[in-house]
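Heads up: the structure comes next, in structure tokens.
In the UniProt record's numbering, the protein residues as written are 1 to 163.
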């Protein structure tokens, strides 16, 4: 096969690669993207019961408050040893939505100093989900407002766009 015959194929592959790269960057910068948990200990402990929520979805004060009350974590005892609790708290606070270098879109409308425990009570979250019928939250396959993955199939990867 001549080199000139391979040229259109090579150009097509190159164009596809550039498209994939640009699409990936556009997705990562999307308004509905929150960097997922990357810390192994946090993933192990948090994702054993529910999605490991991206730390930028709450302010540092919320994570401190939550990690300080694991003996009653939304009705469950999620207590951990002191070392694990401290390590996970450090990770969550360092990557919180109000940490240096972060500008979490989800914290818009939250008053300074507030430390909500539920992402589902944040003003922006409420506004973005106000069109969801109450009956959808109690469907067997959804269960609660905290089950993001029921509607956002890539939630564990940090993508919370409407699916």
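C-beta atoms are modelled at their ideal positions from N, C-alpha and C, and glycine is treated no differently. Model, not experiment: these values are computed from the prediction.
Does the Cβ of residue i have 16 or more other Cβ atoms within 10 Å, making it buried, or fewer, making it exposed?
i           : result
residue 148 : buried
residue 135 : exposed
residue 101 : exposed
residue 132 : exposed
residue 153 : exposed
residue 104 : buried
DSSP puts residue i in a beta bridge; with which residues?
i          : result
residue 73 : 76
residue 33 : 159
How close, in whole Å, do the beta carbons of residue i and residue j come, if the pair is a contact with beta carbons under 8 angstroms?
i           : j           : result
residue 123 : residue 97  : Wrong, their Cβ atoms sit about 13 angstroms apart, outside the cutoff.
residue 158 : residue 54  : 6 angstroms
residue 84  : residue 41  : 6 angstroms
residue 161 : residue 81  : Rounded, the Cβ-Cβ distance is 37 angstroms, inconsistent with contact.
residue 34  : residue 57  : 6 angstroms
residue 125 : residue 106 : 6 angstroms
Might you give, ordered along the chain, the residues of its own chain that have their beta carbon closer than 6 angstroms to the beta carbon of residue i, omitting 5 neighbours on each side?
i          : result
residue 37 : 43 and 52
residue 61 : 115
residue 78 : 70
What does a CB cutoff of less than 8 angstroms around residue i pick up in its chain, not counting 5 residues either side in sequence?
i           : result
residue 129 : 120 and 145
residue 46  : 37, 52, 53 and 88
Is DSSP giving residue i helix, strand or coil here?
i           : result
residue 41  : helix
residue 94  : helix
residue 100 : coil
residue 51  : coil
residue 139 : coil
residue 149 : helix
residue 116 : coil
residue 131 : coil
Among the residues of its own chain, which have a CB less than 7 angstroms from the CB of residue i, if the five just before and after it don't count?
i           : result
residue 156 : 36, 51 and 149
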